[in-house]
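Visitor:
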Amino acid sequence: MSRLTGITNENEFYSNHYLDAILNDDIKNVAQRWKEAAAEVDGKSPPEELGKLSKDYFRLRSQFSKERDITERLTIQQQWLTQFLAVLGYPIQPTERTLDQGQVLPILCEIKKSNGAPLLWILEALPEGNEAIDILDLALQKDQFVEQPDAELLSSSLEDIISDYIFAQDEPPRWVLLANLHQVILIDRFKWNASRLLRFNLEEILSRKESDTLLATATLLHREHTCPTEGTTLLDKLDENSHKHAFGVSKDLKYALRKAIELLGNEAVWYIRNKLREGVFKSRLDGGQLSLECLRYMYRLLFLFYIEARPELGYAPMKADVYREGYSLEWLRDLEQTELRTEEDSEGYFIHICLKKLFSLISEGYTPSNIGTIQFVEEDLHNIFELAPHRGKGKVSGGDGFLMLNWELTSWEQYMNRYSVSEAFLLKKIYMKYNGQLKLLKKQWLMMKTGKKI
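The sequence shown begins at 1 in this note's numbering and counts up one residue at a time.
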């Protein structure tokens with residue numbers, strides 16, 4: 001799997017795994033075509049040209065950081081953007097466009113459809129200082145306008161300008177590129193309402209100059225792939241591939257979950273009969289309750305896999321060595337790879353004990369004051385991590401051999417990283433189906449993060 005360092009796939013513009021592991025395979029033909037075209041003219045392909053810009057980029061960044069005059073800073077930035085966007089096929093022609101509401105908007109470049117309607121706009125945003133602030137939070141500068149700008153437009157962030165002005169037009173562009181000396185953002189109007197976008201960190205991309213990342217950057221931003229003269233855009237074809245991949249993996253995951261729940265239920269029945277020495281039929285085993293608790297157990301695992309795979313959410317302390325190396329599923333996954341050679345190994349309960357402890361930490365927290373711990377106060381929510389298993393006995397356990405088989409079926413590597421496990425899938429599809437409390441769960445998360453009652 002190749003991580004595209006410097007490219008952030010916000011809210012899954014494409015599915016996460018597709019961008020990291022499949023995209024480069026799907027764009028190999030683009031790389032080959034560019035190399036052949038460059039060889040014919042004894043030149044370099046767009047990814048190679050991007051890599052060559054590294055020296056100029058850091059030289060201009062140094063000049064930019066020392067300059068305080070806004071006009072001069074704009075000049076330095078446009079010098080860089082002219083070089084950078086030329087490699088991607090966009091001619092820089094600063095101009096202004098009158099919006100439907102009458103405001104005048106400065107743009108660096110406009111690509112039109114055959115009928116004259118806008119297809120792509122490139123907007124420039126000047127950083128307020130030398131730090132890489134989110135370009136969506138920046139505002140336009142007076143110096144970017146030829147005449148006195150509209151006061152409301154000038155006080156609006158670029159995020160608001162896109163939503164309230166650009167995409168609110170009768171004929172808005174399909175694509176918007178936001179660019180400055182620190183980053184470039186690719187926005188598709190069809191994905192904007194879901195805040196799905198691609199963010200390119202120029203410092204990371206041009207300092208590392210990794211070939212896969214340069215190829216992905218050039219491919220995803222190039223004019224011939226956003227605004228082809230004919231046919232479907234390559235970005236739309238990649239989006240279709242991403243959806244096909246996600247659909248196929250989600251079917252595999254559903255099958256694995258069904259199989260894992262079936263195995264878990266059978267293991268519980270075996271344990272009641274052979275370890276607790278209870279007759280399953282005499283004790284009137286409640287099949288419905290057993291199914292619910294098996295589902296609940298698998299949901300706990302999926303939930304924990306998710307929050308550990310997304311440390312930026314702040315719900316699992318993956319940066320803490322004590323948690324990561326002593327309690328986490330990531331640590332237990334290493335054990336899952338270990339071969340069980342003896343009957344004692346396969347029938348032990350070490351993994352079960354570790355999981356039970358981890359579930360307890362999530363359910364009850366550790367910090368005495370309960371600050372920073374997940375606290376499920378609603379009964380419908382609390383029962384998801386309620387620890388007493390079947391009939392409240394607290395005695396049903398799964399042997400390590402069985403749990404390792406179950407783990408393999410629902411392996412995060414095998415399924416979760418292959419599928420973009422977004423909140424829409426993991427929480428909406430699983431949690432709402434079986435508990436119907438997604439909104440309450442999110443409120444609990446917010447309470448945990450902010451300490452305030454929602």
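We put the beta carbon where it would ideally sit given N, CA and C, even for glycine.
#1: Compute the beta-carbon to beta-carbon distance between Asp455 and Arg174, rounded to the nearest angstrom, for a pair I have assumed lies under 8 Å.
#2: In whole angstroms, what separates the C-alpha of Val184 from that of Glu159?
#3: Which of the three DSSP states, helix, strand or coil, is assigned to Glu364?
#4: Could you check the C-alpha separation between Leu264 and Asp239 for me, to the nearest Å?
#5: So is Glu10 buried or exposed if we call it buried at 16+ other beta carbons inside 10 Å?
#6: To the nearest angstrom, how far is the alpha carbon of Asp26 from that of Leu123?
#7: Count the other CB atoms within 10 Å of the CB of Leu426; is the residue buried (16 or more) or exposed (fewer)?
#8: Using three-state DSSP, classify Ala179 as helix, strand or coil.
#9: Taking 8 Å as the threshold, find out whether the segment 88-101 comes into contact with the segment 161-170 through three or more Cβ pairs.
#10: Does the segment 214-229 come within contact of the segment 36-49, defined as at least 3 CB pairs closer than 8 Å?
#11: List the endpoints of the continuous alpha helix (DSSP H) containing Thr75.
#12: DSSP three-state label for Glu110, please.
#13: In whole angstroms, what is the alpha-carbon distance linking Ser195 and Ala125?
#14: Which word fits Phe58, buried or exposed, when buried means at least 16 other C-beta atoms lie within 10 angstroms of its C-beta?
#15: Look at the Cβ atom of Ser65, then the Cβ atom of Asn130, and state whether they are nearer than 8 Å.
#16: Which residues mark the beginning and the end of the beta strand (DSSP E) in which Phe13 is found?
#17: Could you work out which residue in Met298, Arg296, Val269 and Arg300 is closest to Asp286 when comparing CA atoms only?
#18: Specify, as a first and last residue, the run of the alpha helix (DSSP H) that Thr219 falls within.
#19: Could you spell out where the beta strand (DSSP E) holding Arg199 opens and where it closes?
#20: Establish whether the CB of Glu128 and some CB of chain C are separated by less than 8 Å.
#21: Report the option in Glu308, Gly314 and Glu224 whose CA atom is closest to the CA atom of Tyr327.
#22: Is DSSP giving Leu99 helix, strand or coil here?
#23: Please list, in chain order, all residues of the same chain as Glu330 whose beta carbon is under 8 Å from its beta carbon, the five residues on each side excluded.
#24: Please name the residue, chosen from Pro149, His225, Leu74 and Gly89, that lies closest to Asn180 on a Cα-to-Cα basis.
#25: State the DSSP-derived secondary structure class of Ile185, mapped to helix, strand or coil.
#26: Can you have a look at Gly6 and say buried or exposed, based on whether 16 or more other CB atoms are within 10 angstroms of its CB?
#27: Select from Glu110, Ala39, Glu40 and Pro311 the residue whose C-alpha is nearest the C-alpha of Trp121.
#28: Which residue wins for smallest C-alpha separation from Cys105, given the options Val146, Lys357 and Glu36?
#29: May I have the straight-line CA-CA distance separating Val322 from Ile362, to the nearest angstrom?
#30: What do you get for Ile70, buried or exposed, if any count of 16 or more other CB atoms within 10 angstroms of its CB means buried?
#31: Looking at the structure shown, is Glu344 part of a helix, part of a strand, or coil, going by DSSP?
#32: Looking at the structure shown, is Asn274 part of a helix, part of a strand, or coil, going by DSSP?
Guide: Inspection of the coordinates gives the following:
#1: Outside the displayed span of the chain (1 to 454) sits residue 455, for which this structure offers no information.
#2: Those two C-alpha atoms are separated by around 14 Å.
#3: Here Glu364 sits in helix by DSSP.
#4: So the two alpha carbons sit approximately 37 Å from each other.
#5: By the neighbour-count criterion, in which a residue is buried when 16 or more other Cβ atoms sit within 10 angstroms of its Cβ, Glu10 is exposed.
#6: Distance between the alpha carbons of Asp26 and Leu123: 29 Å.
#7: Because the pLDDT of Leu426 is 40, which lies under 50, any placement of that residue in the model is unreliable, and the number read from its coordinates should be weighed accordingly. Burial call: buried.
#8: It is a strand residue.
#9: Counting Cβ pairs under 8 Å, three or more are found: they touch.
#10: Contact between the segment 214-229 and the segment 36-49 is present, because at least three Cβ pairs lie under 8 Å.
#11: Counting along the chain, the alpha helix (DSSP H) containing Thr75 begins and ends at Ile70 to Val87.
#12: Correct three-state label for Glu110: strand.
#13: Distance between the alpha carbons of Ser195 and Ala125: 19 Å.
#14: Residue environment: Phe58 is assigned as exposed (fewer than 16 neighbouring CB atoms within 10 Å of its CB, all protein chains considered).
#15: It is a contact, given that the beta carbons lie within the stated cut-off.
#16: That residue, Phe13, is in no beta strand (DSSP E); it is neither H nor E in DSSP.
#17: Closest in alpha carbon position to Asp286, among Met298, Arg296, Val269 and Arg300, is Val269.
#18: Per DSSP, the unbroken alpha helix (DSSP H) holding Thr219 starts and ends at Ser211 to Leu221.
#19: Bounds of the beta strand (DSSP E) holding Arg199 are Leu197 to Asn201.
#20: Among the chains of the structure shown, chain C does not appear; only one protein chain is present.
#21: It is Glu308.
#22: Leu99 falls in the coil class under three-state DSSP.
#23: Within the same chain, Glu330 has close Cβ partners Glu308, Met318 and Arg324.
#24: Selection Pro149, His225, Leu74 and Gly89 evaluated against Asn180 yields Leu74 as nearest (Cα-Cα).
#25: In this structure, Ile185 counts as strand in the three-state DSSP scheme.
#26: Burial check for Gly6: the Cβ neighbour count within 10 Å reaches 16 or more, so the residue is buried.
#27: The residue with the shortest Cα to Cα distance from Trp121 is Glu110.
#28: The amino acid occupying residue 105 in the given sequence is Leu; Cys does not appear at that position. That would be Val146, whose Cα lies nearest to the Cα of Leu105.
#29: Looking at the two C-alpha atoms, the distance is approximately 15 Å.
#30: Under this definition Ile70 is an exposed residue.
#31: Three-state DSSP puts Glu344 in a helix.
#32: Note: Asn274 maps to helix in three-state DSSP.
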